[in-house]
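Peer 1: Residue numbers 121 to 502, in our numbering, belong to the letters of the sequence shown in order. In this text, a Cβ means the ideal position worked out from N, Cα and C, and glycines have one as well. Remember, predicted model here, so these are calculated numbers, not experimental data. Following this message is one structure expressed as structure tokens.
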Amino acid sequence: MTELTLRELRKTYVSRGRPPVDAVRGIDIDLRSGELLGLLGPSGCGKSTTLRMIAGLEEVTGGDILVGGDSVVGLPARERNIGVAFENYALYPPLTVAENLGFGLAARGLHGVRERSRRVADMAERIGITDLLAARPAGLSSGQKQRVALARALIREPDVLLLDEPLSHLDAAQRDTTRRELKRIQRDLGHTTILVTHDQEEALSLADRIAVMKDGVIQQLGTPYEIYDAPASVFVADFVGEPAINLLPGVVAADGWVRLGAGDHASARFPCPAGPPVGREVVLGIRPEDLRLTREGESGPGTGDTGWSEDPGGAVRATVSAHEPLLESGIATLTLDGVAEPLVVETGPETRLDRGDTVRVTADPRHTHVFDAETGEALTLT
């Protein structure tokens, strides 16, 4: 197993007649041996460019890449012991699966014919594609092609494994199955791995740590729990989570709550953890699962099991705009008086709501996030 270090890694594209474009702007990451890091972000954020620089497929503008403590920036891709599984599989159509797996070894003059055949058979068994060795790529499903591409990247026993959107072409059922297989294989073989993806579920379920990127900069680096439970900014909070977090502009009032409506007589307000001064303009973030909904007149959540206040002043009246029953849970979209933004609440499977119903909503103050309205950064709370 091998450590991977990125130091002030930068990539700037320069085109004649156009201003330079900073695709990656000073990334610092230390990966432990055997760790799987998820590079998560929207299209164009610089995650694939970062991967290509590590692989040697893209020149580095500045900074350094160290594998096992040694810089590889000056080495061509073929001399870096780095395996890559591409988004489009990049299999050779005329070759069988067995020939695809052994091609890289033969091209680099590694091992004899017998040893290469043994390694191909061994890797095929590990990945579960032994029955596909005689087939050609055209006859394979998307899931099978992805496993072949992964096996080809692993067969060279790389120091670092790079996965570029490995599940993007699979349907939902194939994604679930392949994701579990991918996690098992990575844990069994122990390769230091970077997974590039725009799919938050993929990153949250597979990665030991996640680096959320935007505009070539890492916005937050942490474990999946840290990214989800303590987002560093409005961008991270909004990008991670399904259904998306509620982001509600407001002002910290003298009573310590955030008033969401217009003026001093706003009826909509939610608790704010101590920290922001009175009058501070903020964005209040509350995930749909951290809200509780009751019908008008029903008793709300008690203090015994949730720690929430039973004070009626802690509940906000709202009107149901829509309710989506999703069997295991439901999604209610609500309208608050004087607030332009809709409020989304996750409901239980037994909840039945109709458009126009009046309900009361209570927020869990332990899971309320507060961001500066101007910078979007999370505020330090006490």
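By the three-class DSSP mapping on this structure, what secondary structure does ARG234 have?
Peer 2: If DSSP states are grouped into helix, strand and coil, ARG234 belongs with the helices.
Peer 1: Would the stretch 350-360 count as touching the stretch 326-338 if we require 3 or more Cβ pairs under 8 Å?
Peer 2: Verdict: yes, contact present.
Peer 1: When you compare only the Cα positions, how much space is there between GLU179 and HIS487?
Peer 2: Cα to Cα, GLU179 sits roughly 43 Å from HIS487.
Peer 1: In chain order, what residues of the same chain have a beta carbon less than 8 Å from the beta carbon of ARG145, not counting five sequence neighbours either side?
Peer 2: Excluding sequence neighbours, ARG145 sits near ARG130, GLY166, ASP335, GLY336 and VAL337.
Peer 1: What residues in its chain sit with their C-beta under 8 Å from that of GLY433, if we drop five residues either side in the sequence?
Peer 2: Residue placement at GLY433 is flagged as unreliable, the pLDDT there being 49, under the threshold of 50; the coordinate-derived value follows with that caveat. There are no such residues.
Peer 1: Going by beta-carbon coordinates alone, are VAL436 and ARG389 separated by less than 8 Å?
Peer 2: Closer than 8 Å, so yes.
Peer 1: Opposite LEU252 in the DSSP bridges: which residues?
Peer 2: Answer is none; LEU252 lacks a bridge partner.
Peer 1: Nearest to ARG480 by CA position, among ARG172, THR132 and LEU456, is which residue?
Peer 2: Comparing Cα-Cα distances from ARG480 to each of ARG172, THR132 and LEU456, the minimum goes to LEU456.
Peer 1: Just confirm the distance between the C-beta atoms of LEU315 and LEU126, as a whole number of angstroms; I'd bet it's less than 8 Å.
Peer 2: Not really, about 15 Å apart at Cβ, beyond 8 Å.
Peer 1: For LEU473 and LEU302, what's the separation of their Cα atoms in angstroms?
Peer 2: So the two alpha carbons sit approximately 40 Å from each other.
Peer 1: Do ALA327 and LEU156 have their beta-carbon atoms positioned less than 8 Å apart in this structure?
Peer 2: Yes, the Cβ-Cβ distance between LEU156 and ALA327 is below 8 Å.
Peer 1: Do ALA460 and VAL403 have their CB atoms nearer than 8 Å?
Peer 2: Result no, Cβ atoms of ALA460 and VAL403 do not sit closer than 8 Å.
Peer 1: Looking only at its chain, what residues have a beta carbon closer than 6 Å to the beta carbon of GLN306, apart from the 5 residues adjacent to it on each side?
Peer 2: These residues qualify, in order along the chain: LEU156 and THR313.
Peer 1: Expressed to the nearest angstrom, what Euclidean distance is found between the alpha-carbon atoms of ALA292 and ARG299?
Peer 2: Rounded to the nearest angstrom, the two C-alpha atoms are 10 Å apart.
Peer 1: With a Cβ-Cβ cutoff of 8 Å, do THR216 and ALA254 count as a contact?
Peer 2: Yes, the pair counts as a contact, with Cβ atoms nearer than the cut-off.
Peer 1: Can you list, in chain order, the residues of its chain with a C-beta nearer than 6 Å to that of ASP150? Leave out the 5 residues immediately preceding and following it.
Peer 2: These residues qualify, in order along the chain: THR125.
Peer 1: Is it true that the CB of GLU207 sits closer than 8 Å to the CB of GLU321?
Peer 2: Contact: no.
Peer 1: Would you mind giving the Cβ-Cβ distance between HIS489 and GLY399, rounded to the nearest angstrom? I have them listed as a contact below 8 Å.
Peer 2: About 19 Å separates the two Cβ atoms, so there is no contact after all.
Peer 1: Using three-state DSSP, classify LEU473 as helix, strand or coil.
Peer 2: LEU473 falls in the coil class under three-state DSSP.
Peer 1: Taking only beta-carbon atoms, is GLY468 less than 8 Å away from chain C?
Peer 2: In the structure shown, chain C cannot be found, because there is only a single protein chain.
Peer 1: Within the stretch 258-301, note down every full beta strand (DSSP E) run reaching 3 residues or more, in order along the chain.
Peer 2: Listed in chain order, the complete beta strand (DSSP E) runs (minimum 3 residues) inside the stretch 258-301 are 280-284.
Peer 1: ILE174: which of GLU123, GLY222, LEU252 and ARG267 sits nearest, CA to CA?
Peer 2: Of the candidates GLU123, GLY222, LEU252 and ARG267, the one whose C-alpha sits nearest the C-alpha of ILE174 is GLU123.
Peer 1: Smallest Cα separation from PRO257: which of LEU225, ARG238, LEU287 and LEU221?
Peer 2: Answer by Cα proximity: LEU221.
Peer 1: Just to confirm the assignment, what range does the alpha helix (DSSP H) spanning ILE338 have?
Peer 2: Segment 337-342 is the beta strand (DSSP E) holding ILE338; no alpha helix (DSSP H) there.
Peer 1: Taking just the CA atoms, how far does GLY310 sit from ASN366?
Peer 2: Using only the alpha carbons, I get a separation of about 38 Å.
Peer 1: Which of helix, strand or coil does DSSP assign to ALA364?
Peer 2: In the structure shown, ALA364 sits in coil (DSSP, three-state: anything other than H, G, I, E or B).
Peer 1: Measuring CA to CA, which of CYS392, GLY496, ASN201 and ARG239 is closest to ASP279?
Peer 2: Ranking the options by Cα distance to ASP279, first place goes to ASN201.
Peer 1: Looking at the secondary structure, which residues open and close the beta strand (DSSP E) in which ARG329 lies?
Peer 2: Segment 329-334, the beta strand (DSSP E) holding ARG329.
Peer 1: Find the nearest neighbour of ALA226 within the set ALA374, THR297 and ILE275, judged by alpha-carbon distance.
Peer 2: Nearest C-alpha to ALA226: ILE275.
Peer 1: From GLY427 to ASP410, what distance separates their C-alpha atoms?
Peer 2: Unreliable positioning characterises GLY427 in this predicted model, as indicated by a pLDDT of 34, which lies under 50. The coordinate reading is nonetheless provided below. So the two alpha carbons sit approximately 12 Å from each other.
Peer 1: Along the beta strand (DSSP E) that carries GLU444, what are the first and last residues, could you check?
Peer 2: Unbroken beta strand (DSSP E) run through GLU444: 435-445.
Peer 1: DSSP has GLU466 in a bridge; who is on the other side?
Peer 2: In the DSSP output, where bridge partners are listed per residue, GLU466 has ILE451.
Peer 1: For the candidate residues VAL204, GLU497 and SER153, whose alpha-carbon lies nearest to that of ALA352?
Peer 2: Nearest C-alpha to ALA352: GLU497.
Peer 1: Please classify PRO196: is it buried, with 16 or more other beta-carbons within 10 angstroms of its beta-carbon, or exposed?
Peer 2: Exposed.
Peer 1: Mapping the DSSP letters down to three states, classify THR488 as helix, strand or coil.
Peer 2: The answer is strand: DSSP assigns THR488 an E or B state.
Peer 1: Please state whether DSSP places ARG136 in a helix, a strand or coil.
Peer 2: Looking at ARG136 - three-state DSSP - the assignment turns out to be coil, as it is neither helix nor strand.
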